[in-house]
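**Student:** Supplied in structure tokens, the structure appears directly below.
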Amino acid sequence: MLTCGCGRWMHTEGIEERAGEGGAPQWFIRSECRGCGLKVGVDVPEGQTYGLVDRLLWTDEALHRLDRMPPYVAVLVRDEVEQDIRRQGQRVVTCETLLRPRTGERLDWDPEAERRLERVPAPVRAMARIELERTAADRGLSRITVSLMEEIKAKYFGMAASK
Ligand SMILES: [Zn+2]
Numbered sequence: 001m002l003t004c005g006c007g008r009w010m011h012t013e014g015i016e017e018r019a020g021e022g023g024a025p026q027w028f029i030r031s032e033c034r035g036c037g038l039k040v041g042v043d044v045p046e047g048q049t050y051g052l053v054d055r056l057l058w059t060d061e062a063l064h065r066l067d068r069m070p071p072y073v074a075v076l077v078r079d080e081v082e083q084d085i086r087r088q089g090q091r092v093v094t095c096e097t098l099l100r101p102r103t104g105e106r107l108d109w110d111p112e113a114e115r116r117l118e119r120v121p122a123p124v125r126a127m128a129r130i131e132l133e134r135t136a137a138d139r140g141l142s143r144i145t146v147s148l149m150e151e152i153k154a155k156y157f158g159m160a161a162s163k
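Last residue of the sequence shown: 163 (the numbering used here), numbering continuous.
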């Protein structure tokens, strides 16, 4: 924890994902004293918070992606991602957290499933991909199929898919 010169705990305000020297990923952690208003920022290697993050936080970049999702998708994604992060004993949600299925394994896509995904409207496509890969990972599947796609579409994207 960071303590301000005035004696109060400093509050974590936000985290930016940055590239440091040699392109190594870094986090810029912003903290603020709510007593006297002092603000500080610290660069740390990605994943090493040195106790500077006082609660579960999304990086600015991850928040930006969440903000661009359709609201009904964002709610589902936020809950699921935060549960994952807590389960892993972590506190920071990054873009990568958001875009990776939780196993971190690469999944194969059936060509037909891939073609169908291309026809999904762009604002929903990225989220459709995430939900499909997460669901497949949850079930221990290594392949995204058209039937899984139909199921997900009905569950999460019914509003977007119905005409
Ligand atoms: Zn202070």
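The beta carbon of each residue, even a glycine, is placed where N, CA and C say it ideally should be.
At 4 residues or longer, and completely inside the segment 34-118: list those alpha helix (DSSP H) runs for me, N to C.
**Tutor:** If we require 4 residues or more, the alpha helix (DSSP H) runs fully inside the segment 34-118 come out as 60-68, 71-87, 95-99.
**Student:** Work out the CA separation of E13 and D108 for me, nearest whole Å.
**Tutor:** If you number the sequence shown from 1, residue 108 lands on position 108. If you number the sequence shown from 1, residue 13 lands on position 13. Roughly 39 Å separates the two Cα atoms.
**Student:** Could you check where the alpha helix (DSSP H) with A137 kicks off and where it finishes?
**Tutor:** As a working note, residue 137 is residue 137 in the sequence shown. Counting along the chain, the alpha helix (DSSP H) containing A137 begins and ends at 122-138.
**Student:** Contact between the segment 91-100 and the segment 33-43 is defined here as three or more beta-carbon pairs at a separation below 8 Å; is this criterion met?
**Tutor:** The segment 91-100 vs the segment 33-43: no contact.
**Student:** Under a Cβ-count criterion, where at least 16 other Cβ atoms within 10 Å of its own Cβ denotes burial, should R143 be classed as buried or exposed?
**Tutor:** Counted from its first residue, the sequence shown places residue 143 at position 143. Burial call: exposed.
**Student:** V44 to I15, Cα distance in whole Å?
**Tutor:** On the sequence shown, residue 44 is found 44 positions in, with the first residue counted as 1. On the sequence shown, residue 15 is found 15 positions in, with the first residue counted as 1. The straight-line gap from Cα to Cα measures roughly 10 Å.
**Student:** Is A154 helix, strand or coil by DSSP?
**Tutor:** Mapped onto the sequence shown, residue 154 falls at position 154. Note: A154 maps to helix in three-state DSSP.
**Student:** In the DSSP assignment, find the beta strand (DSSP E) that holds E21 and state where it starts and stops.
**Tutor:** Position 21 of the sequence shown, counted from the start, is the residue given in the question as residue 21. Run containing E21: none; DSSP gives neither H nor E here.
**Student:** What residues are listed by DSSP as bridge partners for R143?
**Tutor:** Locating residue 143 in the sequence shown gives position 143, where the first residue counts as 1. Note: R143 sits in a beta bridge opposite D108.
**Student:** Could you give the distance in angstroms between the alpha-carbon of A122 and the alpha-carbon of M1?
**Tutor:** Looking up residue 122 in the sequence shown gives position 122. Looking up residue 1 in the sequence shown gives position 1. Looking at the two C-alpha atoms, the distance is approximately 41 Å.
**Student:** Spatial neighbours of A74 within its chain, please: CB distance less than 6 Å, with the 5 preceding and 5 following residues excluded, ordered by chain position.
**Tutor:** Start at 1 with the first residue of the sequence shown, and residue 74 comes out as number 74. Only L66 meet the Cβ criterion.
**Student:** From W58 to Q83, what distance separates their C-alpha atoms?
**Tutor:** Counted from its first residue, the sequence shown places residue 58 at position 58. Counted from its first residue, the sequence shown places residue 83 at position 83. In a straight line, the C-alpha of W58 is about 13 Å away from that of Q83.
**Student:** Can you tell me which of E21, A62, I29 puts its alpha carbon nearest to the alpha carbon of V81?
**Tutor:** Translated into the one-based positions of the sequence shown, residue 81 becomes position 81. When each option's Cα is compared against that of V81, the closest is A62.
**Student:** Looking only at its chain, what residues have a beta carbon closer than 6 Å to the beta carbon of R18, apart from the 5 residues adjacent to it on each side?
**Tutor:** One-based indexing of the sequence shown puts residue 18 at position 18. Here the set comprises Q26, F28.
**Student:** When you compare only the Cα positions, how much space is there between R116 and R34?
**Tutor:** As a position in the sequence shown, residue 116 is number 116, starting the count at 1. As a position in the sequence shown, residue 34 is number 34, starting the count at 1. Going by the C-alpha atoms only, they are around 50 Å apart.
**Student:** Go ahead and label A136 buried or exposed: buried means 16 or more other beta carbons lie within 10 angstroms of its beta carbon, across all protein chains shown.
**Tutor:** What you label residue 136 is simply residue 136 of the sequence shown in a count that begins at 1. Flag for A136 reads buried.
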